[in-house]
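These notes are about the structure you will find just below.
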Amino acid sequence: MRQLALLVAVLLATAAPGVVLADVDRTGAPLADAGLDQTVERDTTVFLDGTGSRDPDGTVVGYEWRIETPAGDVVTPRDPTDPRTSFLAREPGRYVVTLTVTDDAGETASDSLYVDVGVGPRSTSTPSTPTPVPTSTASAPPTATTSDPSSPAPPAPPSTTTTPTATPTTGTATPTVTRSPTIRGPRLVTGDRPLEASYTVDTAGSVDRVEWRVDGTARSSGTTTDLTFAPGNHTLRAAVTYSDGRTEIATFEDGATGVVADPKPDVTLANLERRQRIGGTASATDEYGNLDSVSVTVEGLGTERVATEGSSDEVTFDWDDIEPGREYELVVTATDNRGQETTVRRTVTPVAPPETISAEFVNGPVDSYHSRIDPGRYTAHHVMKIELNGNSVDDIRVNHFAQKPGKTRLISESALSSSDGIATIHTYWGG
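Okay, so the sequence shown: first residue is 9 according to our numbering, each after it adds one.
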């Protein structure tokens, strides 16, 4: 009979948390300046000057003008890519002129101005020439003549003269009706995605149609609408067509058109480790690009925090001063520059390493191996029991080594099972 000796190593399959550094672009955008709002009469040449645009950390290298008419059409100025240009305002109403500038780093910025165009009569009316009223003179009656020189002559009646007067007539001009439609609704849309908001148009007069346009693209119709915005800066206008055929562009009450869509930050928790420690990586992203901070807090262990700016960042954390089996609350918080917060909470129970309860042959001693004898006579059955301590049986890796590998060999692969937190491993040997 022989005794077999084995060396058994119990290992946990682990994966070290990876660290990804965020690449934040801090290049400054240029500052666009389209100039001041203007008020002119119809058929007037409007001059535009964008030379006030500048780039604090570079040079402005490109200009692009875009003009939207009161009817909602887009027209091109005389020199659309020059800093100074002009266009002819043919329609009454409000024109929206947008200048987009590009700097030497490829960054862009836009600014808008408004040109309000009055109707202004195309032709004038000439007052009619007054018709004079002829002067009427009263005729004196015949004078009686007496031969008596002492009799005084009767006085002559006074003559009456009428002065002619002129009553001019004035030409009639059709009055201009300005209804000034106004958009009512939020200019800042925040919170969880989708970023939705409701808008309505206030206006006087009989409305035939309202078309809502986001960034120049028609999105919906009606005097009220619900819009969904992608994260970023947008322009919102409503083209209001009245029953008389006239179209006016509605903006917010102060003439602005900008809508900011800024969602809350997103948070993810990856590579969470709970074997003899609490560790992992907390990542935050902000699609508007104004992320302010990311923090990870574990009750009783501490806080890891990073102050940041841009669209993404992360915190890697690792605490090993833990009590196995105790529940800890892990809190990840991401905050943006507007104070919006996103919080993720996890309950984490760290575990101790697995422990070997027993490891022994259960049917020895056995005969030496020989190909001519029954395998049951030389096969040694080895059983190993392991306390998992909260670890997953799928993470257990067992390596067996014979102390005399030249004379002892593994006859069958190990069989692993678990029950009530205890893993059992069976192997069969001969030698």
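Idealized CB from N, CA, C, for every residue including glycine.
query                                                                                                      : result
Whole-number beta carbon distance between S303 and V323, since they are thought to touch under 8 Å         : 7 Å
Simplified DSSP assignment, three categories, for D33                                                      : Confidence in D33 is poor, its pLDDT being 42 and thus under 50, which makes the residue's placement unreliable; the coordinate value appears in the next sentence. D33 falls in the coil class under three-state DSSP.
Identity of the residue in T387, T364, V340 and V359 nearest G372 by Cα                                    : T387
Straight-line Cα distance separating T232 from T225                                                        : 17 Å
For V391, the three-state DSSP class (helix, strand or coil)                                               : strand
S420 to T435 span [Cα, whole Å]                                                                            : 6 Å
D234, buried or exposed, once every other Cβ within 10 Å from all chains shown has been counted against 16 : exposed
contact_flag[the segment 196-203, the segment 258-265] where n(CB pairs < 8 Å) is 3 or more                : no
Per-residue DSSP class, three states only, for P271                                                        : strand
Nearest-angstrom Cα separation, counted from G230 out to V218                                              : 5 Å
Assigned secondary structure, R282 (DSSP; H/G/I helix, E/B strand, else coil)                              : coil
Backbone secondary structure at Y207 - three-state DSSP                                                    : strand
Cβ-based neighbour list, E363, same chain, cut-off 8 Å, excluding 5 preceding and 5 following              : I394, E395 and N397
R385 - DSSP class collapsed to helix/strand/coil                                                           : helix
Residues near L277 in its chain [Cβ-Cβ closer than 7 Å; skip 5 each side]                                  : G288, A290, V340, V352 and R354
CA nearest to the CA of G297, picked from R74, G240, F325 and G333                                         : G240
Sequence-distant residues of its chain with Cβ nearer than 8 Å to R313 (five each side left out)           : S301, V302, S303, V304 and V323
Best match in S118, V54 and G253 for proximity to T243 [C-alpha to C-alpha]                                : S118
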